[in-house]
Amino acid sequence: MSSKAWALTLAASLIALAPLAQAEVDGEALYRQHCARCHGDDGRAKTWRGYLFFAQNLSKARWQERESDEDILEAIRKGPRAMPAFADKLDAAEQQALVHYVRSLRQP
Ligand code: HEC
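Just so we're aligned: the sequence shown equals residues -23 to -1, 1 to 85 in mature numbering (1 follows the signal peptide of the UniProt record, and there is no 0).
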């Protein structure tokens, strides 16, 4: 194949792959949509709902260390205490993206 043909093939496959990249789930957007009203944008739960429901401070290093990814996923799916369950509201990829985002809320 000539180098020009290669370049065209490459360009064509990049265009074909673009929608896949867009379909990736945005954990931060999901968090803001479903979780921030209680746990706060920064995870510290300094919101009035956070106080009212005693929502967990997700930024706390000690809590982050104690909690496994499975624990966080379980909390999202089942919703402990006053927290709503998200097992039927979000698909597996969305739940996983949220676990990942919750991890990013950790403060040193
Ligand atoms: C209605 C308010 C509310 C909403 C909305 C909410 N939570 Fe919670 N969340 C709580 C409360 C209350 C707890 C329980 C704290 C406890 O275990 O003592 C909690 C606990 C948690 C825990 C920790 C459980 C543990 O074992 O320590 C995680 C992780 C969590 N929430 C993540 C999320 C995520 C992610 C979302 C969004 C998908 C979310 N929460 C939405 C109120 C809420």
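Each residue gets a CB set at the ideal place from its N, CA and C atoms; glycine is no exception.
The Cβ atoms of L35 and L82 lie closer than 8 Å to each other. Contact between G4 and L75 holds, with the beta-carbon distance rounding to 6 Å and staying under 8 Å. The criterion of a C-beta distance shorter than 8 Å is satisfied by A64 and R54. In the structure shown, D48 falls within a helical segment according to DSSP collapsed to helix, strand and coil. The shortest CA-to-CA distance from Y78 to any of L(-10), D19 and A(-8) is the one to D19.
Assignment of F30 by DSSP, reduced to helix, strand and coil, places it in the helix class. About 10 Å separates the CB atoms of C12 and G27; that is not less than 8 Å, and the two are not in contact. Annotation for C15: the continuous alpha helix (DSSP H) segment containing it runs A13 to H16.
CA-to-CA, the gap between R39 and G56 works out to about 21 Å.
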